[in-house]
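Visitor: In my numbering, the protein residues as written are 1 to 146. Note that beta-carbon positions come from the ideal geometry of N, C-alpha and C, so glycine has one too.
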Amino acid sequence: MAMRHWLVKTEPEVYSIDHLRRDGSTKWDRVRNHQAKLFLRDGMQPGDRVLVYHSNAEPTGVVGIAVVVGAAVPDETQFRKGDEAHEPRATREAPVWWARTLRFERRFANCITLQELRAEPRLAGMRLLARGNRLSVMPVAAAEFA
């Protein structure tokens, strides 16, 4: 199967590319959108490369690259009563939400800002740039990744 490319959004105040660099890898969890969940669970494969995008930041943009490691696993936060990510419908036998491990690959010297992405004609079809797009996990075409 060919390697795929992805983009994940994170708020740097919560978990930034620098946190990922420090930690080396992390479980990408707390995703609570069904389409994004399907990308995490069924789409991502080990070895896929991932653009890390800082949202709700100044500036917003792509700040580095991570790599998918291992299989999808149930998101443990869904089982924690009292956690804001708790999912009452979830059981160990039938989890609702999934996570993937992402490993740090590199941090860019400079953020590639949303404005710079929008100004690049070759990225006109990029899902990130579509009006109303709120997904925190999304596929990226190989040409867009490059």
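Could you round the C-beta distance between Val69 and Thr101 to whole angstroms and report it? I think they count as a contact, below 8 Å.
Guide: Confirmed, about 4 Å.
Visitor: Out of Pro12, Gly64, Thr26, Ala57, state which residue places its alpha-carbon closest to the alpha-carbon of Trp6.
Guide: When each option's Cα is compared against that of Trp6, the closest is Gly64.
Visitor: Helix, strand or coil for Thr26, going by three-state DSSP, please let me know.
Guide: strand
Visitor: Where do the ends of the beta strand (DSSP E) carrying Glu11 lie?
Guide: Premise fails: Glu11 is in no beta strand (DSSP E) and is neither H nor E.
Visitor: Assuming Val67 contacts Arg49 under a Cβ cut-off of 8 Å, what Cβ separation, rounded to an integer in Å, is found between them?
Guide: 6 Å
Visitor: Ends of the alpha helix (DSSP H) at His34?
Guide: 34-38
Visitor: Rounded to whole angstroms, how far is the Cβ of Trp97 from the Cβ of Gln78, which I believe are closer than 8 Å?
Guide: 5 Å
Visitor: Helix, strand or coil, according to DSSP, for Ala72 in the structure here?
Guide: DSSP places Ala72 in strand when its eight states are reduced to three.
Visitor: Whose CA, out of Arg22, Arg41, Arg21, Asp18, lies closest to the CA of Asp29?
Guide: Arg41
Visitor: For His19, does the three-state DSSP call read helix, strand or coil?
Guide: helix
Visitor: Mapping DSSP to helix, strand and coil, what is Ala99?
Guide: DSSP places Ala99 in strand when its eight states are reduced to three.
Visitor: For Ile112 versus Val62, is the C-beta distance shorter than 7 Å?
Guide: yes
Visitor: What number of angstroms, rounded off, separates the C-alpha of Val52 from the C-alpha of Phe145?
Guide: 11 Å
Visitor: Where DSSP assigns a beta bridge to Pro139, which residues make up the other side?
Guide: Trp6
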